[in-house]
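Written out below as structure tokens is the structure these notes cover.
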Amino acid sequence: MNSPEKDYTHRSWLATAALIAVLVAVGFIPPQSVGGVKLRRANILSDVLAFDDAAAAEPVAEPVLFDEEDFHVDLEAVAERIEADTAPREAQTTYTWLIPQDSLRGQRPEPDSARFTATPVPIEDYSDSGRIRAFCDTLLNARRPVRIAFFGDSFVEGDILTADLREKLQLAYGGGGTGFAPTSSPLTGFRRTVRTDAKGWTSYNIMQRKRAPETLRGHFYVSGWMSQPAAGASTRWESTDARQRLDSCTTAHVLFRSPSDSRVRLTLNDTLRRTFDIPGDEAVRRIVVRAPHLHALAFEVLSGTEGFAGYGAVFESDAGVVVDNYSVRSNNGQAMFWTDPSVNAQIDAMLHYDLVILQYGLNIMQAGVKDYSGYSRQIEKMVAYVRRCFPGAAVLVLGVSHRSVKGDAGFEPMDAIPHMTDFQRRAARNTGAAFWPTCDAMRAQGGMERFVQNGWAGKDFTHINYAGGSRVAWALVDALNDFTARHATLRAAEELRRQMRKSVLPPRERRRIERQLLPGVGPEPFNDPRR
Numbered sequence: 001m002n003s004p005e006k007d008y009t010h011r012s013w014l015a016t017a018a019l020i021a022v023l024v025a026v027g028f029i030p031p032q033s034v035g036g037v038k039l040r041r042a043n044i045l046s047d048v049l050a051f052d053d054a055a056a057a058e059p060v061a062e063p064v065l066f067d068e069e070d071f072h073v074d075l076e077a078v079a080e081r082i083e084a085d086t087a088p089r090e091a092q093t094t095y096t097w098l099i100p101q102d103s104l105r106g107q108r109p110e111p112d113s114a115r116f117t118a119t120p121v122p123i124e125d126y127s128d129s130g131r132i133r134a135f136c137d138t139l140l141n142a143r144r145p146v147r148i149a150f151f152g153d154s155f156v157e158g159d160i161l162t163a164d165l166r167e168k169l170q171l172a173y174g175g176g177g178t179g180f181a182p183t184s185s186p187l188t189g190f191r192r193t194v195r196t197d198a199k200g201w202t203s204y205n206i207m208q209r210k211r212a213p214e215t216l217r218g219h220f221y222v223s224g225w226m227s228q229p230a231a232g233a234s235t236r237w238e239s240t241d242a243r244q245r246l247d248s249c250t251t252a253h254v255l256f257r258s259p260s261d262s263r264v265r266l267t268l269n270d271t272l273r274r275t276f277d278i279p280g281d282e283a284v285r286r287i288v289v290r291a292p293h294l295h296a297l298a299f300e301v302l303s304g305t306e307g308f309a310g311y312g313a314v315f316e317s318d319a320g321v322v323v324d325n326y327s328v329r330s331n332n333g334q335a336m337f338w339t340d341p342s343v344n345a346q347i348d349a350m351l352h353y354d355l356v357i358l359q360y361g362l363n364i365m366q367a368g369v370k371d372y373s374g375y376s377r378q379i380e381k382m383v384a385y386v387r388r389c390f391p392g393a394a395v396l397v398l399g400v401s402h403r404s405v406k407g408d409a410g411f412e413p414m415d416a417i418p419h420m421t422d423f424q425r426r427a428a429r430n431t432g433a434a435f436w437p438t439c440d441a442m443r444a445q446g447g448m449e450r451f452v453q454n455g456w457a458g459k460d461f462t463h464i465n466y467a468g469g470s471r472v473a474w475a476l477v478d479a480l481n482d483f484t485a486r487h488a489t490l491r492a493a494e495e496l497r498r499q500m501r502k503s504v505l506p507p508r509e510r511r512r513i514e515r516q517l518l519p520g521v522g523p524e525p526f527n528d529p530r531r
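Next comes the structure, spelled out in structure tokens:
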């Protein structure tokens with residue numbers, strides 16, 4: 001006789017209940033860190049049960065954030081090298097190709113009162129020497145290009161943010177052109193504000209500088225790119241209509257090194273050509289092209305490629321604002337110290353920068369980390385290095401941008417943002433630089449969550465796109481306009497007070513005029529108390 005089958009269904013329910021109990025219990029285990037990486041809480045009841053992990057989290061030590069050696073720089077040695085390498089040379093460093101053009105200038109610009117954002121976030125000025133205020137004077141009064149160098153990481157790669165910053169400032173204060181464009185780079189195709197067609201070049205990035213030939217490795221510029229030509233290598237740059245004023249270009253500066261004798265050829269607007277014979281010298285060389293309208297420019301290396309290094313070209317008009325994008329992907333600012341300070345200083349002596357903007361820290365910031373004192377000291381070294389290489393420029397430190405991370409309740413602002421911002425502000429204060437909190441400007445427009453919802457940022461909740469760059473750029477333009485307008489108002493008020501003081505005559509001078517106008521008035525008594 002067959003025995004009846006036993007029913008084991010109740011055991012399945014018991015196993016399921018036990019599994020759920022274990023998972024619920026695991027959810028109460030606080031977040032842990034393994035190898036410096038913070039692990040999130042495994043909470044299957046996150047929709048109905050939330051934990052305040054931020055309050056209970058242990059502070060994470062900062063040394064895991066970056067390699068201190070990457071930021072090593074001897075500032076005294078930098079100053080000595082700049083002094084030695086920028087001494088007057090016998091070799092010609094600047095060559096000019098001048099096409100006659102109209103020399104009429106536009107009207108003097110006025111501070112722009114337009115607002116692109118509802119809540120302007122002001123620039124904080126910690127400068128004792130008035131460097132940023134001097135930049136405002138230059139912006140309003142200079143009859144030459146006013147140059148802004150924007151140093152950053154992938155946040156502004158491809159001219160994100162800087163394209164709109166350039167456009168709005170040029171519309172307000174004059175100027176045209178796309179600013180700096182590298183000779184050759186794998187990333188040129190992503191940039192919309194200039195079309196670059198390069199052939200025959202081998203490009204090297206400063207983040208992989210050890211791959212560059214030893215003869216070139218020590219001569220990087222702050223752009224982060226350097227290109228070595230084969231015979232006949234060429235680059236053609238062409239302006240686009242991605243933004244206004246890009247095609248309003250009248251001047252180009254082509255920058256390169258030619259240690260050996262070389263011959264190069266430039267072609268203007270695909271029609272006019274001129275060849276230059278360049279005697280070999282270690283100095284940075286520049287060819288300046290001026291024309292009524294510069295739409296396209298081609299640069300060819302016909303001979304003398306040994307040791308030759310192409311940096312790029314700067315496209316501008318003869319007055320107004322120029323914004324040069326010097327972004328380097330994965331750079332926390334340390335790449336600055338791997339550049340050649342004498343190359344930087346030589347190019348600055350040719351171009352004369354008025355403002356350097358530093359946008360770094362996004363790659364350093366980590367959830368749960370509150371102490372960024374070590375990185376703050378590196379920012380102070382960056383400011384000092386910039387002032388060695390670009391001595392006439394004011395420095396504006398940008399606070400880290402807004403960023404969100406995924407938590408139990410969905411995406412939320414990273415808790416490290418206010419701490420990083422405070423340490424960046426501290427660095428600006430300690431060095432007498434200016435400071436602008438980027439995260440506040442983004443938060444005033446809804447923060448990173450709204451940026452992602454509106455398609456202004458990527459789904460990584462970290463990087464903005466061109467649409468988001470426009471919003472951040474407009475906020476920065478508002479800040480610069482507001483700071484410039486307030487400075488101009490204070491200067492005007494001080495000038496008015498000076499004129500009023502000057503118009504009040506001293507008593508002796510007043511008596512002399514009275515005697516001339518009223519002959520009947522007797523001579524001034526010797527003991528007149530009004531003397």
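In this note's numbering, the protein residues as written are 1 to 531.
Idealized CB from N, CA, C, for every residue including glycine.
Quick caveat, the model's predicted, so the values are computed rather than measured.
With a cut-off of 8 Å on the beta carbons, I'd call Thr94 and Arg286 a contact; round off their distance for me. In the sequence shown, the residue the question calls residue 94 occupies position 94. In the sequence shown, the residue the question calls residue 286 occupies position 286. About 5 Å; that satisfies the 8 Å criterion.
Thr235: first and last residue of the uninterrupted beta strand (DSSP E) it sits in: On the sequence shown, residue 235 is found 235 positions in, with the first residue counted as 1. Element bounds for Thr235: 225–239.
Exposed or buried, which one is Arg144 when buried takes at least 16 other CB atoms within 10 Å? By one-based count along the sequence shown, residue 144 stands at place 144. Exposed, since its Cβ has fewer than 16 Cβ neighbours within 10 Å.
Tell me whether the beta-carbon of Arg166 lies closer than 7 Å to the beta-carbon of Pro341. Here residue 166 is taken as the residue at index 166 of the sequence shown, counted from 1. Here residue 341 is taken as the residue at index 341 of the sequence shown, counted from 1. Cβ distance not < 7 Å, so Arg166 and Pro341 don't count as in contact.
Consult DSSP for Ala61 and reduce its assignment to one of helix, strand or coil. Sequence index remark: in the sequence shown, residue 61 carries index 61 (1-based). Reliability of the predicted coordinates at Ala61 is poor, the pLDDT of 49 falling under 50, and the value obtained from them is presented with this limitation in mind. Three-state result, Ala61: coil.
Tell whether a beta-carbon distance below 7 Å holds between Tyr173 and Ala428. For the purposes of this step, residue 173 is taken as residue 173 along the sequence shown, with counting starting at 1. For the purposes of this step, residue 428 is taken as residue 428 along the sequence shown, with counting starting at 1. No.
Rounded to the nearest angstrom, how far is the Cβ of Ala394 from that of Leu355, given a contact under 8 Å? On the sequence shown, position 394 is the one that residue 394 refers to. On the sequence shown, position 355 is the one that residue 355 refers to. At roughly 5 Å, the Cβ-Cβ gap stays under 8 Å, so Ala394 and Leu355 are in contact.
Return yes when the Cβ of Gln359 is within less than 7 Å of the Cβ of Gly200, no when it is not. As a first step, residue 200 must be located in the sequence shown, where it is residue number 200. As a first step, residue 359 must be located in the sequence shown, where it is residue number 359. For Gly200 and Gln359, no; Cβs fall outside 7 Å.
Could you tell me which residues DSSP puts in a beta bridge with Thr94? The sequence position of residue 94 within the sequence shown is 94, counting from 1. For Thr94, which the question treats as bridged, DSSP gives the partners Arg286.
Tell whether a beta-carbon distance below 7 Å holds between Val289 and Ala233. Residue mapping note: residue 289 aligns to position 289 of the sequence shown, counting from 1. Residue mapping note: residue 233 aligns to position 233 of the sequence shown, counting from 1. Contact: no.
Cα-Cα separation between Asp318 and Thr162, rounded to whole angstroms: Counting from 1 along the sequence shown, the entry for residue 318 is found at position 318. Counting from 1 along the sequence shown, the entry for residue 162 is found at position 162. When rounded, the distance between both Cα atoms is 20 Å.
Please determine if the segment 126–143 and the segment 445–464 are in contact, where contact requires at least 3 C-beta pairs separated by less than 8 Å. They do not touch, by the three-pair rule.
If you count every other CB in all the chains shown that lies within 10 Å of the CB of Arg243, and 16 or more means buried, which is it? Reading the sequence shown from its first residue, position 243 is the one you call residue 243. Buried, since its Cβ has 16 or more Cβ neighbours within 10 Å.
With 16 other CB atoms within 10 Å as the buried threshold, where does Ala345 fall? Position 345 of the sequence shown holds residue 345. Classification for Ala345: buried.
Residue-chain proximity (Thr117, chain D), Cβ-Cβ < 7 Å: Checking the listed chains, one finds no chain D in this structure; it contains a single protein chain.
So, is Val37 buried or exposed, given that buried needs 16 or more other C-beta atoms within 10 angstroms? Translated into the one-based positions of the sequence shown, residue 37 becomes position 37. Any reading at Val37 needs caution, since the residue's pLDDT is 43, under 50, leaving its predicted position unreliable; the model's value is listed next. Answer is exposed; the Cβ neighbour count stays below 16.
Keeping to the same chain, check which residues put their C-beta closer than 7 Å to that of Thr215; ignore five residues upstream and five downstream. What you label residue 215 is simply residue 215 of the sequence shown in a count that begins at 1. Excluding sequence positions up to five before and after Thr215, its CB lies within less than 7 Å of the CB of Gly307, all in the same chain and listed in chain order.
What do you reckon, is the C-beta of Ala467 under 6 Å from a heavy atom of the ligand ADP? Although the ligand ADP was asked about, the structure shown includes no ligands whatsoever.
Return the chain-ordered list of same chain residues with a C-beta closer than 6 Å to the C-beta of Gly310, the five sequence neighbours on each side being excluded. Within the sequence shown, the letter at position 310 stands for residue 310. Correct list, in chain order: Thr183, Ser227, Phe256.
If you draw a straight line from the alpha carbon of Arg329 to that of Asp67, how long is it in whole angstroms? Position 329 of the sequence shown, counted from the start, is the residue given in the question as residue 329. Position 67 of the sequence shown, counted from the start, is the residue given in the question as residue 67. Between Arg329 and Asp67, the C-alpha separation is close to 17 Å.
For Asp371, the nearest candidate out of Tyr385, Ala335, Asp415 (CA to CA): As a position in the sequence shown, residue 371 is number 371, starting the count at 1. Ranking Tyr385, Ala335, Asp415 by Cα distance to Asp371 puts Asp415 first.
Is it right to say Asp277 is buried, meaning 16 or more other beta carbons lie within 10 angstroms of its own, or is it exposed? The residue labelled residue 277 in the question sits at position 277 within the sequence shown. Per the 10 Å Cβ criterion, exposed.
Rounded to whole angstroms, what is the Cα-Cα separation between Pro229 and Pro279? The sequence position of residue 229 within the sequence shown is 229, counting from 1. The sequence position of residue 279 within the sequence shown is 279, counting from 1. Going from the Cα of Pro229 to the Cα of Pro279 covers about 17 Å.
Could you name the residues of the same chain whose beta carbon sits closer than 6 Å to that of Gly333, not counting the 5 residues immediately before and after it, in chain order? Within the sequence shown, the letter at position 333 stands for residue 333. Excluding positions up to five away in sequence, the list reads Tyr360, Met382.
Ser552 in three-state terms, based on DSSP: This structure does not reach residue 552, given that the chain is present from 1 up to 531, and the question cannot be answered.
From Met365 to Met420, what distance separates their C-alpha atoms? The residue labelled residue 365 in the question sits at position 365 within the sequence shown. The residue labelled residue 420 in the question sits at position 420 within the sequence shown. Whole-angstrom Cα-Cα distance: 7 Å.
Using DSSP with H/G/I as helix, E/B as strand and the rest coil, what is Pro341? Against the sequence shown, residue 341 aligns to sequence position 341. If DSSP states are grouped into helix, strand and coil, Pro341 belongs with the helices.
Per DSSP, what kind of secondary structure is Phe483 in: helix, strand or coil? Here residue 483 is taken as the residue at index 483 of the sequence shown, counted from 1. If DSSP states are grouped into helix, strand and coil, Phe483 belongs with the helices.
Nearest by alpha-carbon distance to Leu272: which of Ala296, Gln453, Arg511 is it? Translated into positions along the sequence shown, residue 272 becomes position 272. The option with the nearest alpha carbon to Leu272 is Ala296.
With Leu398 as the anchor, note down where its beta strand (DSSP E) starts and where it stops. Numbered from its first residue, the sequence shown carries residue 398 at position 398. 394–398 is the span of the beta strand (DSSP E), which, as asked, contains Leu398.
Opposite Leu359 in the DSSP bridges: which residues? The residue you call residue 359 lines up with position 359 of the sequence shown. Sequence check: residue 359 is Gln here, not Leu. Answer by DSSP bridge pairing, in chain order: Leu398.
Cβ-Cβ separation, Trp237 to Thr196 (assumed contact under 8 Å), whole Å: Start at 1 with the first residue of the sequence shown, and residue 196 comes out as number 196. Start at 1 with the first residue of the sequence shown, and residue 237 comes out as number 237. With 8 Å as the limit, Thr196 and Trp237 qualify as a contact, their Cβ atoms being about 6 Å apart.
Rank Gln499, Val405, Phe299 by C-alpha distance to the C-alpha of Thr275 and give the top, closest one. Your numbering for residue 275 matches position 275 in the sequence shown. Checked all of Gln499, Val405, Phe299; the closest Cα to Thr275 is Phe299.
Taking the beta carbon of Pro109 as the centre, do at least 16 other beta carbons fall within 10 Å, making it buried, or is it exposed? Position 109 of the sequence shown holds residue 109. Flag for Pro109 reads buried.
Considering just the uninterrupted stretch of the beta strand (DSSP E) at Lys406, what are its terminal residues? Here the question's residue 406 lines up with position 406 in the sequence shown. Taken as a continuous stretch (DSSP letters only), the beta strand (DSSP E) holding Lys406 covers 404–407.
Does the separation of the CB atoms of Phe220 and Thr339 fall below 7 Å? Taking the sequence shown and counting its residues from 1, the one referred to as residue 220 is at position 220. Taking the sequence shown and counting its residues from 1, the one referred to as residue 339 is at position 339. Going by C-beta atoms, Phe220 is nearer than 7 Å to Thr339.
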